[in-house]
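Residues in the sequence shown are numbered from 1 upward in steps of one, following the numbering used here.
Backbone N, C-alpha and C define an ideal beta-carbon position, used for all residues, glycine too.
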Amino acid sequence: MKSTLPVLLAVALGGLTLSAAEKPQPTEEELKKLFHAAPAAPAARPELPRKLLVFTLCKGYYHVSIAHGARAIEFAGQKTGAFTTVVSEDIALFEPENLQQFDGVCFLSALGELFLPDNLDRLPSEKQAEALKNDARLKRALLDWVKSGKGLAGIHGASWLFYQRGSEFAEALGGLFESHPWNAYERLAVKLDEPDHPLNRAFGGCNFEIIDEGYQFKDPYSRKRNRVLYSLDLTRMDTSKPNLRADRDYGLCWVKRFGAGRVFYTALGHNPEEFWNPALMRHIVDGLQFTLGDLDVPSDPVQP
């Protein structure tokens with residue numbers, strides 16, 4: 001592995017096209033941490049070569065961890081051989097003919113109305129109608145593609161995706177962001193709802209703590225539709241926050257099906273250092289392998 005590291009790091013450093021001031025990029029030292037934290041072997045040998053689209057475009061709050069997460073996933077694919085990675089902000093990849101080259105998509109804190117122009121409200125009515133028609137067409141292409149048997153993964157801010165005009169996407173993903181009562185640098189107590197689930201094996205069957213935002217989801221989030229893998233343990237957290245869920249259900253990660261497609265979501269990933277956490281990266285890569293169709297895990301909801 002020592003001989004591989006310089007080559008992969010050179011590729012990573014050479015791929016930077018935006019200044020750090022525009023979109024923060026990992027330092028060389030952080031790239032080394034990201035590389036070493038990535039798992040060295042896949043949880044399951046791929047049945048076929050897999051190609052994963054990691055999409056990072058944001059139409060709203062930009063998470064500084066995005067570039068770190070993208071590099072971490074790239075390194076994991078290279079080290080494990082589980083998938084090749086295309087990191088992009090190009091919405092043309094969601095044209096039906098372009099989507100077909102991929103086995104799965106991971107929305108890495110991509111958020112907002114990705115397929116609409118930023119100046120939609122200022123366009124003439126005819127141009128607005130054209131933009132809205134194109135938006136609906138691309139969303140339909142994405143959802144039909146997932147339903148056909150492809151993979152959909154979301155990390156952290158992806159639950160804000162298509163927030164205003166994407167109710168069916170929220171149903172596909174399994175939830176819609178509402179708020180984060182616990183802020184980015186609070187210590188979250190996380191309990192494993194299924195310690196023995198294959199996607200939780202990275203945590204060794206143990207509950208854990210992590211510095212991150214504590215997300216609160218609204219409909220369509222439901223344990224009747226999602227198989228929740230871990231959640232906030234409110235018995236070990238500050239519950240004096242305003243406007244908490246009445247049912248105190250704070251799922252953070254789940255798997256589900258959408259048609260014939262496979263879905264994995266984790267709310268973790270706000271902070272860059274989470275992507276050089278070996279246990280979390282093992283978990284994420286296993287989740288990605290599930291969405292790509294190579295790791296068969298239970299995904300039906302567990303009824304309360």
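Identity of the residue in the options nearest residue i by Cα
i	options	result
ALA136	TYR61, GLU113, LEU123	GLU113
ARG282	LEU93, ARG201, ASN226	ARG201
ALA153	VAL297, ASP296, ALA41, THR291	THR291
HIS180	ALA170, LEU229, LEU244	LEU244
LEU142	SER125, ALA92, PRO24, SER109	ALA92
THR235	LEU188, VAL302, SER167, LYS224	LEU188
LEU288	CYS253, GLU178, ARG223	CYS253
TRP182	ASP233, LYS224, ARG223	ASP233
VAL190	ALA172, TYR215, LEU173	TYR215
Residue i, buried or exposed, once every other Cβ within 10 Å from all chains shown has been counted against 16
i	result
GLY60	exposed
GLU130	exposed
GLN100	exposed
GLU29	exposed
THR27	exposed
GLU274	buried
THR239	exposed
ALA12	Low confidence applies here, because ALA12 scores a pLDDT of 34, under 50, leaving its location unreliable; read the following figure in that light. Buried.
VAL302	exposed
ALA43	buried
LEU16	Annotation note: pLDDT 33 at LEU16 (below 50); position unreliable, coordinate value reported separately. LEU16 is exposed by the Cβ-count criterion.
GLY151	buried
GLY293	buried
Distance between residue j and residue i (C-alpha atoms, nearest Å)
i	j	result
GLY331	ALA72	Past the boundaries of the shown model lies residue 331; the chain is included only from 1 to 304, so the question cannot be answered.
GLU186	ILE211	6 angstroms
ASN226	GLY205	20 angstroms
ALA40	PHE75	9 angstroms
ALA267	HIS36	23 angstroms
ALA118	ASN207	Reading off the sequence, residue 118 comes out as Asp, not Ala. Roughly 42 angstroms separates the two Cα atoms.
ASN98	ASP121	29 angstroms
GLY104	GLN128	30 angstroms
GLY77	ARG50	10 angstroms
PRO198	ASP219	27 angstroms
GLU307	PHE162	This structure leaves residue 307 out entirely; the chain is present only between 1 and 304.
GLN25	GLU47	33 angstroms
HIS68	PRO272	6 angstroms
GLY251	PRO242	18 angstroms
ASN324	LEU123	The first residue shown for the chain is 1 and the last is 304, placing residue 324 beyond what the model contains.
ASP300	SER125	44 angstroms
Own chain partners of residue i with C-beta closer than 7 angstroms, once the 5 adjacent residues on each side are dropped
i	result
HIS270	HIS63, SER65, HIS156, ALA184, ASP212, GLU213
ALA70	VAL54, THR56, VAL87, LEU108
Beta-carbon proximity list for residue i, same chain, < 6 angstroms, skipping 5 on both sides
i	result
VAL86	LEU53
GLY175	SER159, PHE217, TYR221
Cut-off 8 angstroms between Cβ atoms - residues of its own chain near residue i, not counting five sequence neighbours on either side
i	result
ALA20	The predicted position of ALA20 is uncertain, since its pLDDT is 40 and thus under 50; no value can be drawn from it.
Would you list, in sequence order, the uninterrupted beta strand (DSSP E) runs of no fewer than 3 residues that lie entirely inside the segment 147-182?
-> Fully enclosed beta strand (DSSP E) runs of 3 or longer: 151-155.
Completely contained beta strand (DSSP E) runs for the segment 234-286, where each covers 3 or more residues = Correct list: 251-258, 261-266.
Jot down the residue ranges of each uninterrupted alpha helix (DSSP H) in the segment 22-83, minimum 4 residues, whole runs only, in chain order.
-> Whole alpha helix (DSSP H) segments, 4+ residues: 28-37, 66-80.
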